[in-house]
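For the sequence shown, the working numbering begins at 1 and goes up steadily by one.
Glycine is no exception: its CB is placed at the ideal position from the N, C-alpha and C atoms.
Below is one structure, written out as structure tokens; the observations come after it.
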Amino acid sequence: EEAERRLHAGDYAAAEQASRQVLEAAPDSAVARSKLGVALAQQGRLDEAIAEFSKALQLHPTYASAYSNLGNAYRAKGMLPEALAAYERALAIDPDYAIAHQNLGILYKQMGRVGEAVDHFKRATRLSLRRQADGTRQVRRGCLPTAVVLTVGAFACLARVLR
């Protein structure tokens, strides 16, 4: 999808526009609302991003990625208790969501809770490595045409915390 490509390319204004076009045709798309929220957050429009993530969650209350992104927006605004609640909700929905563990680790580090940060960075790393291994096995079996690898900055975050 165009919005996803634009997000990955770092063209957040174009990602916003693409997300809004999808929403014109499908206003109840939680995925499009969440992508719009990411595009807005990346442009520093955090209040608008929070509103879009909240709308996405009204449409799809078990959307772990939207909770994690909501947590990122709250953290960027300095609303740490709200960020913590959003990350915890993401992990209650999907305990194996590596990115949410990474985000929670970043938040805990920011809050000075280094031990908890390290625990979540380690968990994010283990989960990412497991996904990478699963993707490699699928490729070897011929189930996937290319390797699908989830990469997160957990290694870098862990190294920074341990310094």
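Boundaries (first-last residue) of the alpha helix (DSSP H) holding residue i
i, result
"PRO81", "80 to 93"
"GLN43", "Element bounds for GLN43: n/a, residue is neither H nor E."
"LYS109", "98 to 110"
"SER68", "64 to 76"
"HIS8", "2 to 9"
"ARG113", "Looking at the DSSP string, ARG113 is not in any alpha helix (DSSP H), and its letter there is neither H nor E."
"SER19", "12 to 25"
Residue environment, residue i, which counts as buried when at least 16 other CB atoms sit within 10 Å
i, result
"ARG20", "exposed"
"VAL114", "exposed"
"ALA13", "exposed"
"GLU24", "exposed"
"ARG33", "buried"
"HIS8", "exposed"
"ALA30", "buried"
"ALA66", "buried"
"GLU52", "buried"
"ALA26", "exposed"
"THR62", "exposed"
For residue j and residue i, the rounded distance between their alpha carbons
i, j, result
"ARG6", "VAL38", "11 Å"
"LEU91", "GLN17", "30 Å"
"GLY78", "LEU84", "11 Å"
"SER54", "LEU129", "31 Å"
"LEU107", "ARG89", "14 Å"
"ALA49", "ALA56", "11 Å"
"LEU127", "LEU59", "28 Å"
"ASP96", "ARG123", "9 Å"
"ARG131", "ALA117", "21 Å"
"LYS109", "ASP47", "24 Å"
"LYS35", "ILE99", "16 Å"
"GLU2", "ASP11", "11 Å"
Heavy atom of the ligand NAD within 8 Å of residue i beta-carbon
i, result
"ALA90", "With respect to small molecules bound, the structure shown includes none, and the ligand NAD cannot be examined in it."
Within 8 Å, do at least three Cβ pairs link the region 102 to 115 to the region 67 to 74?
Flag = yes, the region 67 to 74 and the region 102 to 115 touch.
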